[in-house]
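Written out below as structure tokens is the structure these notes cover.
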Amino acid sequence: MKTEFKQMKNFIKFAGIALLSISNLIAMAQKNYEVIARISPPDPDMSGIAVSSNNRVFLGFPRHADNHKEFALAELVNGKPVPFPNKEYVYPSSKPYSEWLVSPHGMYMDKNDVLWILDDGKRSGQKKIPEGAAKVVAIDTKSKNIVYSLVIGKPVLSDDAHYNDLRVDLTHGEKGTVYIANSGFGERYSLVVIDVATGKCREVLLNHSTTSPEPGFMGFLEGKPLVYDPKKQHFPIGGADGVALSPDSKTLYWTTITGRKLYSLPTALLSDANVSNQKIADAVKYEGEHPACDGLAEDENGNIYFGAYEQQSIIQRLPDGNYKLLAHDTENFVWPDGLAFKNGYVYVTLGQWNRLASFNDGKDLRKPPYLVVKIKVN
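So this note's numbering is basically just the index in the sequence shown, starting at one, shifted up by 265.
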């Protein structure tokens, strides 16, 4: 009896130490970030983010959930958004849709400090995506010149598409290849591939199990268990959403916003227009589970970063497949959205998208300011 009592005391002691260690870890994570911008109306809510080699920060302000009349793209200057590259290009216009940014989502900065912007072309209250509105735009951040404007046209273009995030592979194709995650506004989910030199688009893995929402998914958001229902949406849902590119550009990774599975494909296959959709489907690799997330980021060492919206945390996936908590804040980390890695920091936009009126019986529960933070990665 004495031995059992001693064992019980030791167990309680070690359990207490373990709980204390976990508490200390979480406490450290809650302090491990810096707010670099607080954005309030009339400035709109932000989504995408990209950072240049000299730490210039760029933000995208989509119009799919709020058809606002402000700028769609801005650079953070002294913590304030300044329209970029100019007002004419980022405010609503009567020009052809191909000549201005309609609703930018994913953003990516390449090694040459060219900013690639994915415009889904969608505006709240308007069912159709006009021809020319959905596109990929590349802007030289040094000169502010538009280098490319690659329109996503029919038959790839669909009003049910939601072109959500992108990566640019400069190692395949004459001038590079763009990979796009289509998370779907309706029930259309896929990956889209664009050859930069020709502008030719193709859609692959259309409504494939790896690009579609996981049936029966349940998300736990700000203390509420919410079940995936495409007919009655209570939180942001969809298919292929976050994408990441390996340091050697040989592998593309993606997640679904309504799911917990990480997938990958060799870019040699994905970038080759002669490879059949069936061969691409057969080559998809399951990389294990991940925290349910929106955007992804990656670094030069093969780490992938997740905005874990259920845990209100930023998580690092190591190359060996293990995970590490980087930052956590139940008060401020409300729907981590866009992520970018640069010079030892992960940058994150916190758009509070699960609090939109469309998910909450017509009540907008967002609480400005909307935060942009950066997190040191050791």
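Note that the Cβ used here is the ideal one computed from N, Cα and C, for glycine as well.
Cβ-Cβ distance between residue i and residue j below 9 Å
{"i": "H329", "j": "K419", "result": "no"}
{"i": "S318", "j": "K607", "result": "yes"}
{"i": "P601", "j": "I579", "result": "yes"}
{"i": "T475", "j": "A505", "result": "yes"}
{"i": "V342", "j": "L415", "result": "no"}
{"i": "S363", "j": "A398", "result": "yes"}
{"i": "D430", "j": "G371", "result": "yes"}
{"i": "Y635", "j": "S305", "result": "yes"}
{"i": "N619", "j": "E487", "result": "yes"}
Reduced DSSP secondary structure (H/G/I, E/B, other) of residue i
{"i": "Y354", "result": "helix"}
{"i": "E335", "result": "coil"}
{"i": "W381", "result": "strand"}
{"i": "E468", "result": "strand"}
{"i": "Y570", "result": "strand"}
{"i": "E364", "result": "helix"}
{"i": "I545", "result": "helix"}
{"i": "A622", "result": "helix"}
{"i": "L534", "result": "helix"}
{"i": "I459", "result": "strand"}
{"i": "T520", "result": "strand"}
{"i": "L527", "result": "strand"}
{"i": "I502", "result": "coil"}
{"i": "Y428", "result": "strand"}
{"i": "L510", "result": "strand"}
{"i": "I417", "result": "coil"}
{"i": "K496", "result": "coil"}
Cβ-based burial, residue i [other Cβ within 10 Å; buried from 16]
{"i": "K639", "result": "buried"}
{"i": "K632", "result": "exposed"}
{"i": "Q543", "result": "exposed"}
{"i": "M374", "result": "buried"}
{"i": "Y444", "result": "buried"}
{"i": "A538", "result": "exposed"}
{"i": "Y428", "result": "buried"}
{"i": "K641", "result": "exposed"}
{"i": "K400", "result": "buried"}
{"i": "G481", "result": "exposed"}
{"i": "D385", "result": "buried"}
{"i": "D559", "result": "buried"}
{"i": "Y551", "result": "exposed"}
{"i": "R303", "result": "exposed"}
{"i": "N587", "result": "exposed"}
Residues sharing a beta bridge with residue i, DSSP
{"i": "F606", "result": "V611"}
{"i": "I394", "result": "According to DSSP, I394 bridges with nothing at all."}
{"i": "F661", "result": "What is shown of the chain runs 266 to 643, which leaves residue 661 out entirely."}
{"i": "Y373", "result": "W381"}
{"i": "R341", "result": "Here residue 341 turns out to be Leu, not Arg, going by the sequence shown. In DSSP, L341 forms a bridge with P346."}
With a floor of 3 residues, list each beta strand (DSSP E) that falls wholly inside the stretch 553–600, ordered by position along the chain.
558–563, 569–573, 578–582 and 588–593
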